[in-house]
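Those protein sequence lines, which keep their order, are chains A and B.
When the letters of the first sequence are read in order and numbered with our numbering, they come out as residues 5 to 514.
When the letters of the second sequence are read in order and numbered with our numbering, they come out as residues 956 to 1430.
Glycine is no exception: its CB is placed at the ideal position from the N, C-alpha and C atoms.
Quick caveat, the model's predicted, so the values are computed rather than measured.
The structure appears below as structure tokens.
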Amino acid sequence: MENNFLLTYLIFIPLVGSLIILFVKNDKIPLIKNLGLFFSLVAFIISIVIYSQFDNHNSDFQFVHKFKWIEGINVFYFVGIDGISLLLILLTAFITPLTLISSWSNIEHKVKEFTFFMLLLETGMLGVFASLDLFLFYIFWEAMLIPMYFIIGIWGGKERIYAAIKFFLYTMLGSLLMLVAIIWLAVYAGKITGGFTTDFTELINIAPTIARDLQIWMFLAFALSFAIKVPLFPFHTWLPDAHVQAPTAGSVILAGVLLKMGTYGLLRFNLPLFPDATLIIAPYISVLAVIGIIYGALVAMVQTDMKKLVAYSSVSHLGFVVLGIFAITTESIQGAVIQMVNHGLSTGALFLLVGVVYERTHTREIADYGGIAKVVPFFSFALLFASLSSIGLPGLNGFVGEFLILLGSFKSGVLNSWWFTVFASSGVIFAAVYLLWMYQRVVFGELKNPKLEKLTDMNPREIFVMIPILIFIVWIGIYPSTFLNLSEKATKKVIYQVNNPVNILNNQSK
Amino acid sequence: MFNNLQEFYSFLPMIIIAAGILVSVTVELFAKKSVVYLSWFSVLLFFVIGMFSLYNIESKSVILQNMVATGGYVNIFYALFNFTAMIVCLLSIEYLKKYDAPFGEYYILIQTSVLGMMLMAAAKDLFVIFLGLELMSVAFYVLAGINRKRGSAIEASLKYFLLGAFATGFIVYGIALIYGTAQTTSLDLIASKFIELSGNLLFISGVLLFLIGFSFKIAAFPFHMWVPDVYQGSPSTISALFSTGGKTAAFAAIIVSLFALFTSGASKIITPYLSVISVLSMFFGSIVALSQTNIKRMLAYSSISNAGYLIIGLAAGNTEGIAGVIFYLTAYTLMNLGAFGIVSIIESKEEKNLEISDYAGLSNNEPLLAGLLSIFMFSLAGIPPFAGFFGKYYIFMAAIKSEMTFLAILGVLSSVISVYFYLRIVVLMYFKKTDYNLEISKNNSGMLALFISVLLIIILGILPGSFLNIINSTL
């Protein structure tokens, strides 16, 4: 197959940028910021080019670039994307420059290191979504921890050290067990076909032949790693700490992209590699997902800190995504994929907006606000928009994803019970409660806090960051087909793979 | 003595270093500023031998009446020892001034210990292993106490000597039992009789005693007691040498003496012993390291836990395991030299600045050192894309291939624990603010050593393929 270098350029442009920034002097802050923005914008432009050349009707991996990387263990540098990964890559390349612009003024010390780590992080995230060799995937998956760890630890809030270490250890525990499972799979492939391999496109034909009991163990080893990242209830406890302590840019990236790596991993690897185990475990994971939806919503409801509230709402929203994935119907998985993007946009916007007022008042307590609608009209408008999108108001993006997930899970033969849908739906109602209640307490009412009278509305830079997000929120809400079409083939392929596992032994005997 | 020129060539590294030692002794006798000359002479000597060994990797031969093997993986070990010693010498140049021990014999002793290590790796006979081991160890005992005026150094030296002698006792007793039952000390002959003798209790006891003796040397639990005290009390550069060169040499000795077993698959007999000490070492090292406040002691416990990972490779008992051990030893050597190197650069007179808390806020004053130390720590913690990760990956792969998945699982769990204490240093350097300023004197040769290490760690982490091919081609 012809190698296509576009993806490789996309992944490594931010890395090149970060290395160049390393050699710029510390005090040239404007130059550093501009360089960071420049490289992330170049990456964004490349992602648009990839989007424009992407073929909707092809269910194979596209933009494939493959060469032998480490001969001794038969590892390839192998990247390629289908519709699912394309959407997430677009999201990543879209969000990163926005976060860089949004932190233009609120990151004041160690700007060079900040920009360096943000670009490094972008390379890691793009690499995770594009890798088709499990070894390569693991390298990106782990390497990405380092920049995020520093971003939380250096620029975070008061409890940042605790949050950074917790984030690192949790993720590490899960992913190291996945590493053992990856090696085990490669060795298994070596026994079956005679060649040790971590190539995903080959493993997909080999892994489903693993005996059912072992398949369940493998499934769990992979799923634990992804579930911690999602985070699926009860593995979510690192998330509120990390979110609350991280700087705004960190929270936006964390909610916008990092969490999607977990759901992406489940969809990309767990389902097609271990189809038998998937069908057995799907109801159990869905139960956890539904618990997560309700639990996250209830806990969000009683939060007094805006950022924490948004953080817990993530637990709830990602519960929907996991439910969609494990309902294993076209609608539900399509909904899950689009919901990943939606959550990135709406929660990203919410974190940005919380960051906007926090930068001015240095408080995130809901009780400290109230009646700011007249003082900061554009902020109030944007916050309403983002909240409604997050709630799932018809016409905005959240509705599309949640509706498809609920529809799909209702029809699902794997789950085979409409109770999942019933309980999950309550999450939508709760979301309306906690978000609108927060909105009411922050924006409406009387202006009690005299400090808020001097609050300035969003400046042009902040508005500039917000507008593109709002555009996409409406776009997905009104005309989701643009995005759903991209992932349709890939989704159908995953479902086919789960229901018709390839049996390489039978194929060979024929 | 040599049948042809080829054999002479393959023995040349040892001849060069022996000649180097004689030259150094002469210089030390007559020159006034011997410590300056000898330091750079040693750097050059080790570099030349290291390169020469790598260059001659293909020419395998067994010489001196079946006593010494050369070429192949033996030469990889040669190169590893010499480059280790070279980096240690580079770090020592400024350090010895601070440490108040500007003695030329310091370098002569390092050369002697390297000769001992090379003999251990090249041995084809139990006696050669023993000879090399003693040559190395005696030099080490003296190096630990090179500054006679320091109580802690004398204590470390004495402790090392006593426990080292104890370990040697085990090894000699083991050799005696093996000789008594196998009637030979030639490793090849013992290997060929191994299966036949494996029912003989005396023989097996001999093998076990031999292994236990070396378990002391590689710092495996429960034979680790000397490690923290000796690493803490010795000069930092010498602790670097102990934890890298000394450990590598002991692993080399185990590999050469058991090599025939690994390739024939007869290694299952010693697998239970190796599995047990590997798991104990990993967990003991990682858990105890959590509570250390002195950075050298922390690195000592990390060294114990790393011995555990390396033993997994031996326990796997296949060629992948051996390749993994050699790769990880290389990676570990580089990471540890880097970590101890930074410790030696930051250490000030009178052994100050050795507490972990002294590293708080280092990124503000010394961003370069902080950055380098972070890379060494991430690599030790086994996080990609650094060499430490790939070494662990390969060792775990070997374990899973020989159906010892549980060792790999326990290994990763211990890794998670170890992440905490490696990252604690990163936390202090980057996340803590402090107004206390470390005074760090300029140290160009030391920085050169650090750059070499970090460069190799990144290269071996991202492109491990070619080095791995070299290792595999020699097995």
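Determine whether the Cβ of I499(A) lies closer than 9 angstroms to any Cβ atom of chain B. no
C-beta contact flag for P287(A) and F330(A) at 9 angstroms: yes
On a CA-only basis, which of F1165(B), A1146(B) and D1055(B) is nearest I1126(B)? Give me that one, please. F1165(B)
Using a Cβ-Cβ cutoff of less than 8 angstroms, which residues in the same chain neighbour I105(A) once the five nearest sequence positions on both sides are dropped? Excluding positions up to five away in sequence, the list reads L41, R465, F468 and V469.
Do the region 1309 to 1325 of chain B and the region 1369 to 1387 of chain B make contact, defined as three or more Cβ pairs closer than 8 angstroms? yes
Closest by CA to I976(B), which one among Y964(B), A1404(B), L999(B) and E962(B)? L999(B)
Which parts of the region 137 to 215 of chain A are runs of the alpha helix (DSSP H), unbroken and 4 residues or longer, counting only runs that do not cross its ends? 138 to 147, 149 to 159, 164 to 197 and 204 to 210
Which residues in the same chain as L1118(B) place their Cβ atom closer than 8 angstroms to its Cβ, once the five residues preceding and following it in sequence are excluded? F1171, M1180 and W1181
Closest Cα partner of A1174(B) within the set L1163(B), A1137(B) and I1259(B): Looking at the Cα atoms, I1259(B) is the closest of the given residues.
Considering Cα atoms alone, identify which of L1368(B), S1329(B) and S997(B) is closest to K1347(B). Among L1368(B), S1329(B) and S997(B), the Cα nearest to that of K1347(B) belongs to L1368(B).
Candidates G1420(B), V1083(B), E1151(B) and S1014(B): closest to N1437(B) by CA position: One cannot answer for residue 1437(B) here, as it falls past the ends of chain B, which runs 956 to 1430.
So if I threshold CB-CB distances at 9 angstroms, which residues from the region 77 to 97 of chain A count as touching chain B? I77 and V79
If we require 4 or more residues per run, which alpha helix (DSSP H) segments fall completely within the region 381 to 462 of chain A? 381 to 395, 401 to 415 and 423 to 447
Should the region 153 to 167 of chain A be called in touch with the region 242 to 250 of chain A, which here means at least 3 C-beta pairs below 8 angstroms? yes
Tell me which residues of the region 1365 to 1376 of chain B have at least one Cβ-Cβ distance to chain A shorter than 7 angstroms, keeping chain order. V1367, S1370, V1371, V1374 and Y1375
Compute the distance between the beta-carbons of G269(A) and F223(A), then report whether it is under 9 angstroms. no
Proximity below 9 angstroms, CB of I1460(B) to CB of E983(B): Past the boundaries of the shown model lies residue 1460(B); chain B is included only from 956 to 1430, so the question cannot be answered.
Which residue spans inside the region 1341 to 1366 of chain B form an unbroken beta strand (DSSP E) run of at least 3? none
May I have a chain-ordered list of the alpha helix (DSSP H) segments no shorter than 4 residues that lie completely inside the region 1064 to 1145 of chain B? 1081 to 1099 and 1106 to 1137
Looking at C-alpha atoms only, which residue of G1366(B), I1414(B) and N1308(B) is the closest neighbour of Y1341(B)? The sequence given here has Phe at residue 1341(B), not Tyr. F1341(B) has its Cα closest to that of I1414(B), out of G1366(B), I1414(B) and N1308(B).
Taking only beta carbons into account, state which residues of the region 151 to 164 of chain A come closer than 7 angstroms to chain B, listed in chain order. F154, G157, I158 and R164
Taking Cβ-Cβ distances shorter than 8 angstroms, what residues in chain B pair up with I187(A)? Y1348, F1351, M1352, I1355 and A1363
With the cut-off set at 9 angstroms, would you say A428(A) and A386(A) are in Cβ contact? no
Proximal chain B residues relative to I196(A), where beta-carbon distance stays under 7 angstroms: Chain B residues near I196(A): none, gap ~14 angstroms exceeds 7 angstroms.
Can you pull the chain A residues whose beta carbon is under 9 angstroms from the beta carbon of F1238(B), in chain order? Here the premise fails: no neighbours, minimum Cβ distance about 15 angstroms.
Where I85(A) sits in the DSSP three-state scheme: strand
Closest residue to K70(A) among I337(A), V418(A), M152(A) and L136(A) (Cα-Cα distance): Per the C-alpha coordinates, the member of I337(A), V418(A), M152(A) and L136(A) positioned closest to K70(A) is L136(A).
Beta-carbon within less than 8 angstroms of V1211(B)'s beta-carbon, same chain only, minus the 5 sequence neighbours each way: which residues are those? Excluding positions up to five away in sequence, the list reads A1024, V1029, M1075, A1076, A1077, A1078, K1079, I1084 and L1142.
Using the beta-carbon of each residue, which ones in chain B are nearer than 8 angstroms to L149(A)? I1338
Environment of P1177(B) [buried if 16+ CB atoms lie within 10 Å]: exposed
Return the Cβ separation of I337(A) and V498(A) in integer angstroms, given the expectation that the two are a contact with Cβ distance under 8 angstroms. 7 angstroms
With distances taken Cα to Cα, identify the nearest neighbour of L1196(B) among T1067(B), I1159(B) and G1276(B). T1067(B)
Since I1004(B) contacts Y1033(B) with CB under 8 angstroms, what's their CB separation in whole angstroms? 7 angstroms
Please name the residue, chosen from L1163(B), M969(B), K1148(B) and N1155(B), that lies closest to V1225(B) on a Cα-to-Cα basis. It should be noted that the sequence gives Ile, not Val, for residue 1225(B). Of the candidates L1163(B), M969(B), K1148(B) and N1155(B), the one whose C-alpha sits nearest the C-alpha of I1225(B) is L1163(B).
Below 9 angstroms between beta carbons is the criterion; list the residues of the region 1058 to 1069 of chain B that meet it against any residue of chain A, in chain order. none
Partners in chain B for E75(A), counting only beta-carbon separations shorter than 7 angstroms: G1420 and N1424
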